[in-house]
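Single-structure report; data block below.
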Amino acid sequence: MITAKVELTQPLKQQRQFVAQTGSGHNLLLDDTAGGTGPKPIELVSAALAGCTAFDVITILRQKHHQKITGYEVRVEADQADRPPQVFTAVRIHHVVTGFEIDVAAVEEAIRLSEEKYCSGGAMVQKSAVFHTTSEIVEDKTEWMKPVAAVGAQR
């Protein structure tokens, strides 16, 4: 079971700032645009989606495909409905994988498996939103990170 609670931080003031506590004991501030001391709750949905797919994809790339990943980033942009409830209607997810000799097919498969099988956050958001996913691979040029044979061969 997943649990969480939020508690108003300053009940006698007009602000709407809350402290959220996850079931695993982590705390963070939630706020609105006016207060600006923490993310809006809906922003956490996009961050959760990015995190959910990121954990899936990096695990698949490292453990199943043995890719040499030196960096990985997931960017999420979401459009919301105009009227309440302002659910996500379109989501754009962009994966940027950095490393050495990254296999394009491995990246595509990892993303597909995350979206179709593993990412529970994505499965929930897909109930209301159309997903558009893109990816790019950045070849790492860091000399000291390259395998010894590759560095020696370039000299």
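Quick note, the working numbering runs 148 ahead of the 1-based positions in the sequence shown. C-beta: ideal position from N, C-alpha, C; glycine also. As the structure is a prediction and not an experimental result, all values here were calculated from the model.
Pull the bridge partners of residue i from the DSSP assignment, please.
{"i": "GLY219", "result": "THR246"}
{"i": "ASP227", "result": "ALA238"}
{"i": "GLU287", "result": "GLY247"}
If contacts are defined as beta-carbon pairs under 8 angstroms, then residue i and residue j qualify, I think. What distance do you get, rounded to the angstrom?
{"i": "GLN215", "j": "ASP251", "result": "6 angstroms"}
{"i": "SER262", "j": "THR181", "result": "About 31 angstroms separates the two Cβ atoms, so there is no contact after all."}
Counting only the same chain and skipping the five closest in sequence on each side, list residues whose C-beta sits under 6 angstroms from that of residue i.
{"i": "GLU225", "result": "ARG240"}
{"i": "ARG164", "result": "ASP180"}
{"i": "VAL154", "result": "PHE166, ALA168"}
Among residues of its own chain, excluding the 5 on either side of residue i, which ones have a beta-carbon nearer than 7 angstroms to its beta-carbon?
{"i": "ILE205", "result": "According to the sequence provided, residue 205 is Val. The question's Ile does not apply to it. Hits under 7 angstroms: HIS243, ALA258, ILE259, SER262."}
{"i": "ILE208", "result": "ALA258, LEU261"}
For residue i, which of helix, strand or coil comes out of DSSP?
{"i": "GLU201", "result": "Sequence check: residue 201 is Thr here, not Glu. Helix."}
{"i": "THR170", "result": "strand"}
{"i": "LYS153", "result": "strand"}
{"i": "LEU178", "result": "strand"}
{"i": "THR282", "result": "strand"}
{"i": "SER276", "result": "coil"}
Quick check: the stretch 244-258 against the stretch 284-294, are there 3 or more CB pairs under 8 angstroms?
yes
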